[in-house]
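If you want it as structure tokens, here you go:
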């Protein structure tokens, strides 16, 4: 029986990007389908009273170095490319995530996800600047202005809010979060447990 | 080639206890030796400006539930018994950890480690109460008063401080921490990566 994995993501999370890179090979190995669900990480943090690990562990000695080591191990295990650190981090992803929902309605979701991750973590740009975002999306063959404009529609805004609230109600508190049925997994490190579950 | 894994532990950490439970089978499967290194978790926290996850994530919705889920998955994966929550948590483990160093000098380290973990997480007691600790250790066939008294010797105190400082210098920030050579692993979840490394 082929499984479906929900991948709750926000383009602002480098660990979501690394997961996104690892997913195609996992899907190929297992036959599972990955269902990408756009959520607003800032909304999840607000609803759960959580903060990013960068904020939570600011000033904690050895923690940053260990996170770097975990990232190196992930890159090696899943044979993906490391991200290029976005010098504008943290990028406010509200409009990018709304445009992801718009891209679903426009039928260009996969292409949009690829492009948005690319311009955040492969050739990183200040994607919360409207002109920068439009130009970047256009360069990837999308209609950036159309998607970002449609992102302002009430229906689109409401859908992103609903996805985010639903995530919190099902147990999410950060990014990336995965669901296999009701089983939740958190963090790029647990992608291997996701793979075990859908392979088993 | 048989590997040696250093296991840096403090009896106050339930995740260190669960790791301790899982270690014998891992050692049997891999032929590796686990070298138990007593450290003072409070000292590591102070030196790194870190806090316990319980403190760090107090008030963060969904986090406690997810930690519970991770613990259930660990218990299932490594076929160990869950801990019994110590109602006196957090127990100040300074004297217990000093007595662990004393137990090394007295040649009763393994027996002491087993007993101290038992009285913290199997039949939990207020082990920072001197009379309680002595009675508990005596009930496990040890000379509790002797070990706790020897724990006050300057040499013993200095050794625990040195272990703790050395841990921080090598990258530790919490418990449990494992080293395979210079490769550090953190948290009970990474015991499986430790096992992969020493099996490979």
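Protein chains in written order, with this note's numbering: chain A, 1 to 200; chain B, 1001 to 1200.
Built from N, CA and C at the ideal position, the CB exists for glycine as well.
- Rounded to whole angstroms, the separation of the alpha carbons of residue 141/A and residue 1069/B is 43 Å.
- The stretch 88–95 of chain A makes contact with the stretch 114–127 of chain A, as at least three CB pairs between them are under 8 Å.
- The three-state secondary structure of residue 1038/B, taken from DSSP, is strand.
- Taking a contact to require three or more Cβ pairs closer than 8 Å, the stretch 32–51 of chain A and the stretch 64–84 of chain A do not qualify as touching.
- For the stretch 55–66 of chain A, the set of residues with a beta-carbon nearer than 7 Å to any beta-carbon of chain B comprises 56, 59, 60, 61, 62, 63, 65, 66, in chain order.
- The C-beta distance from residue 83/A to residue 14/A rounds to 5 Å, short enough to meet the 8 Å contact threshold.
- In the structure shown, the three-state DSSP call for residue 1142/B is coil.
- Nearest CB-CB separation between residue 1181/B and chain A: not below the 8 Å threshold.
- Residue 47/A reaches chain B at 1061, counting residues in chain order whose Cβ is nearer than 8 Å.
- Assignment of residue 1110/B by DSSP, reduced to helix, strand and coil, places it in the helix class.
- Here DSSP, grouped into helix, strand and coil, assigns residue 89/A to coil.
- Look at residue 50/A: its C-beta is under 8 Å from a C-beta on chain B.
- Look at residue 186/A: its C-beta is under 8 Å from a C-beta on chain B.
- Residue 119/A has its alpha-carbon roughly 43 Å from the corresponding atom of residue 1164/B.
- Interface annotation for the stretch 1160–1181 of chain B against chain A: 1168, 1171, 1172, 1173, criterion Cβ-Cβ distance under 8 Å.
- If you compare the alpha carbons of 79/A, 31/A, 97/A, 195/A with that of residue 148/A, the shortest gap goes to 97/A.
- For the options 1043/B, 1133/B, 1060/B, the alpha carbon positioned closest to that of residue 47/A is the one of 1060/B.
- In the displayed model, residue 1168/B falls within a helix according to three-state DSSP.
- Less than 8 Å separates the beta-carbon of residue 1194/B from that of residue 1185/B.
- Boundaries for residue 11/A: no beta strand (DSSP E) harbours it, and the DSSP string shows neither H nor E there.
- DSSP places residue 1104/B within a helical segment (H, G or I) once states are collapsed to three.
- With contacts defined as CB atoms closer than 8 Å, residue 173/A and residue 1063/B qualify as a contacting pair.
- Between residue 1017/B and residue 1051/B, the alpha-carbon positions lie close to 19 Å from each other.
- When the Cα atoms are used, residue 1166/B and residue 131/A turn out to be separated by approximately 51 Å.
- Boundaries of the beta strand (DSSP E) harbouring residue 183/A: 183–186, taken from the DSSP string.
- Rounded to whole angstroms, the gap between the alpha carbons of residue 5/A and residue 33/A is 6 Å.
- By the beta-carbon neighbour count (other beta carbons within 10 angstroms, threshold 16), residue 190/A is buried.
- If you ignore the 5 residues before and after residue 1175/B, its C-beta comes within less than 6 Å of the C-beta of 1010, 1013, 1016, 1041, all in its own chain and listed in chain order.
- By DSSP's assignment, residue 4/A forms a beta bridge with 33/A.
- With respect to the 8 Å criterion, residue 1025/B and residue 1074/B are not classified as neighbours on the basis of their beta carbons.
- In this structure, the alpha-carbon of residue 1107/B lies about 14 Å from that of residue 1144/B.
- Taking C-alpha positions only, residue 80/A is separated from residue 71/A by approximately 10 Å.
- In summary, residue 1154/B is exposed, with fewer than 16 beta-carbon neighbours lying within 10 Å of its beta-carbon over all protein chains present.
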